[in-house]
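These notes are about the structure you will find just below.
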Amino acid sequence: MTLRVRFRAKAESDILNAARYYESKCESLRSQFFDRIDDVVALIRAHPAMFPVCHGSFRRALLRQFPFALYYEIEGDTILVGAILHQRSDVHDEGLSE
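In the working numbering, the protein residues as written are 156 to 253.
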């Protein structure tokens, strides 16, 4: 079964904000950040239950090389990405609803 991936508006905003920050530091960091997101999404698609449940029904997958975590839940044949947060963020304050 091939799972679809859908990003909530908050997750898209999180990604763009982090990418802008990394781009301001070094152009190549921006593309590396996007590559790490692609890597973790591919891993989640292949093994959706691999990462631990950490907040309600949301699972947490850490990005390699960057201090961010991708929060997602599985809804039928869809992986719903709810947020991409800095690891020091308090997930309870970041609008992840169950």
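Each residue gets a CB set at the ideal place from its N, CA and C atoms; glycine is no exception.
| Item | Value |
| --- | --- |
| Coil, strand or helix - ARG215 by DSSP | strand |
| Simplified DSSP assignment, three categories, for PHE223 | strand |
| Contact check, PHE213 vs GLY237, beta carbons under 8 Å | yes |
| CB contact flag (ALA173, ILE234, <8 Å) | no |
| Residues near ARG185 by beta carbon distance below 7 Å, same chain, minus five either side | ALA174, TYR177 and GLU178 |
| Residues sharing a beta bridge with ALA238, DSSP | TYR226 |
| Pair within 8 Å by beta-carbon distance, ARG191 and PHE221 | yes |
| GLU253 versus GLY211: straight-line alpha-carbon distance, rounded | Only weak support exists for where GLU253 lies, its pLDDT of 47 falling under 50; the value from the coordinates is given anyway. Rounded to whole angstroms, GLU253 to GLY211 spans 6 Å at the Cα level. |
| Nearest neighbour of PHE189, chosen from PHE206, ASP169 and GLN242 [CA to CA] | ASP169 |
| Proximity winner among ALA197, ALA224 and VAL160, relative to ARG243 (alpha-carbon distances) | ALA224 |
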